[in-house]
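Protein chains in written order, with our numbering: chain S, 1 to 243; chain A, 1001 to 1243. Beneath this line is the structure, given in structure tokens, with notes to follow.
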């Protein structure tokens, strides 16, 4: 486990106090890298007060315009969101996520994304996440405060960190570097354009084709070399078509 | 595990907002019994705001003058407190505590006591606790917000509750049936033929292209539906080429 490779990404947080509380929760558990996507009120006095001694985490926070921007350089993306969705997406609970991150963070950047209070993640944002993160809650009252969600995840990451410190180092399963989020985004654009050209995807009636393909390729977590092969195939298909 | 036998006891909480946040954290995890020992500012508007939908937990909160009064009828007492002490006391971490409570709560009342912000538990209060509860934190920044401490403990209690219920915590990642070996074999033949037709794969000099692609698709374990989409794309690429 390398906690310094883990970034916590908060999307469009509406209450500044929650940003401060999230910073404190992170620092308490040894996490320092906070990303804020379009925060409504930041920097703010309220965030500083609630951050208590974790002002350094707030001051170093990276403010971004979009989730895609916050995911630059990231290999694996988890999305925490309460909203129910129609399309099933791979899901893991917090403890399982922490065990995975323990290994992945030895070589890749990891992002854990927290959706808006109440509304959660948009479908577009969800599709940037490889795996949904499920925090078990009372089914009759499941709406967690965003700083509380950060606290629970940060706590499980610390528990996994402590157990990795006392365990022999495990070699990462994949030796090549995983494709980064922005490379995956380019690939999806390339894939979609190709499928339209091939008339396999009808832009007027896209159905769930792209989300399903994204879910599949997220799950397989291609390396940079593998992504290169896949893009080569797409280029070959288009070139042939145009020849 | 019987969550209704567990009471959370907050001692002399100074910020009303933390009482509300603790109530919300409890209810999120299925806990409802809040005891407040000499709260500085309760009831309060700020507590109601931060409790969000957990106002019932606040309204049913039992306000006491002393810790001893809050522990009436309790069989087992855990004390969570950050303060260093000279006197060694039995100690357990949160996960270990949750496992113990899971069993004890089947017949006994359990209390988990949270000390004052900054000052923690007095020696007198500590001596009313059977076991100290240790929340692992960053040694350089260990002062947890009291509502965050309640959140972490409540989360571990819920995890223990779920495992005692033996309810599935993790959703199966993919609900559809995985492609079978013979279907994968057909897919690889189809893929190889297509790549040759597209002149992406040179049969005279195949290099390691097919083994690498197979390793990638094996790892991603496509479902039957996903394999259908992938084969559809291959057919579309060939059809276009021949058209």
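By construction, the Cβ of each residue, glycine as well, lies at the ideal position given by its N, Cα and C atoms.
Proximity below 9 angstroms, CB of residue i to CB of residue j
i: residue 1154 of chain A; j: residue 1113 of chain A; result: no
i: residue 1160 of chain A; j: residue 1224 of chain A; result: no
i: residue 34 of chain S; j: residue 67 of chain S; result: no
i: residue 105 of chain S; j: residue 3 of chain S; result: yes
i: residue 1022 of chain A; j: residue 1101 of chain A; result: no
i: residue 1 of chain S; j: residue 157 of chain S; result: yes
i: residue 25 of chain S; j: residue 1145 of chain A; result: yes
i: residue 212 of chain S; j: residue 1226 of chain A; result: yes
i: residue 191 of chain S; j: residue 234 of chain S; result: yes
i: residue 1141 of chain A; j: residue 28 of chain S; result: yes
i: residue 42 of chain S; j: residue 62 of chain S; result: no
i: residue 1229 of chain A; j: residue 187 of chain S; result: no
i: residue 1209 of chain A; j: residue 240 of chain S; result: no
Length of the line joining the Cα atoms of residue i and residue j
i: residue 1172 of chain A; j: residue 95 of chain S; result: In this prediction, residue 1172 of chain A has a pLDDT of 45, which is less than 50 and means its spatial position is unreliable; nothing more can be read from the coordinates.
i: residue 1050 of chain A; j: residue 14 of chain S; result: 14 angstroms
i: residue 58 of chain S; j: residue 20 of chain S; result: 7 angstroms
i: residue 116 of chain S; j: residue 88 of chain S; result: 20 angstroms
i: residue 1127 of chain A; j: residue 1040 of chain A; result: 23 angstroms
i: residue 1236 of chain A; j: residue 1202 of chain A; result: 21 angstroms
i: residue 1214 of chain A; j: residue 148 of chain S; result: 42 angstroms
i: residue 46 of chain S; j: residue 1047 of chain A; result: 16 angstroms
i: residue 5 of chain S; j: residue 1065 of chain A; result: 47 angstroms
i: residue 1007 of chain A; j: residue 139 of chain S; result: 20 angstroms
i: residue 177 of chain S; j: residue 60 of chain S; result: 27 angstroms
i: residue 1200 of chain A; j: residue 1185 of chain A; result: 20 angstroms
i: residue 1263 of chain A; j: residue 103 of chain S; result: Past the boundaries of the shown model lies residue 1263 of chain A; chain A is included only from 1001 to 1243, so the question cannot be answered.
i: residue 37 of chain S; j: residue 81 of chain S; result: 15 angstroms
i: residue 1189 of chain A; j: residue 189 of chain S; result: 27 angstroms
Where the alpha helix (DSSP H) containing residue i begins and where it ends
i: residue 1129 of chain A; result: Premise fails: residue 1129 of chain A is in no alpha helix (DSSP H) and is neither H nor E.
i: residue 216 of chain S; result: 209–220
i: residue 1091 of chain A; result: From DSSP, residue 1091 of chain A is part of no alpha helix (DSSP H) but of the beta strand (DSSP E) over 1091–1093.
i: residue 18 of chain S; result: 16–28
i: residue 189 of chain S; result: 181–197
i: residue 1161 of chain A; result: 1146–1165
i: residue 1050 of chain A; result: 1045–1051
i: residue 1067 of chain A; result: 1067–1070
Exposure of residue i, with buried meaning 16 or more beta-carbon neighbours within 10 Å
i: residue 108 of chain S; result: buried
i: residue 194 of chain S; result: buried
i: residue 221 of chain S; result: buried
i: residue 218 of chain S; result: buried
i: residue 18 of chain S; result: buried
i: residue 251 of chain S; result: Summary: the structure shown does not reach residue 251 of chain S, with chain S confined to residues 1 through 243, and so no result is reported for it.
i: residue 165 of chain S; result: exposed
i: residue 1196 of chain A; result: exposed
i: residue 207 of chain S; result: exposed
i: residue 268 of chain S; result: The displayed coordinates of chain S run from 1 to 243. Any statement about residue 268 of chain S would go beyond what the structure contains.
i: residue 1016 of chain A; result: buried
Same chain, Cβ closer than 6 angstroms to residue i, five either side skipped, listed in chain order
i: residue 182 of chain S; result: 72
i: residue 1074 of chain A; result: 1109, 1111
i: residue 91 of chain S; result: 132, 134
i: residue 1169 of chain A; result: Any reading at residue 1169 of chain A must be qualified, since the residue scores a pLDDT of 46, below 50, and its modelled position is unreliable; the value itself is stated next. Same-chain partners within the cutoff: 1162.
i: residue 1044 of chain A; result: 1016
Limits of the unbroken beta strand (DSSP E) element including residue i
i: residue 1010 of chain A; result: 1006–1011
i: residue 1080 of chain A; result: 1076–1080
i: residue 56 of chain S; result: Counting along the chain, residue 56 of chain S falls outside any beta strand (DSSP E), though it belongs to the alpha helix (DSSP H) covering 55–59.
i: residue 1114 of chain A; result: 1110–1114
i: residue 33 of chain S; result: 33–37
i: residue 117 of chain S; result: No beta strand (DSSP E) holds residue 117 of chain S; DSSP gives it neither H nor E.
Chain-order list of residues whose beta-carbon lies under 8 angstroms from that of residue i (same chain, five-residue window excluded)
i: residue 1125 of chain A; result: 1011, 1067, 1079, 1113, 1115
i: residue 129 of chain S; result: 77, 78, 79, 89, 113, 121, 218
i: residue 152 of chain S; result: 94, 135, 144
Neighbourhood of residue i by C-beta distance below 7 angstroms, restricted to the same chain and skipping five residues each side
i: residue 55 of chain S; result: 48
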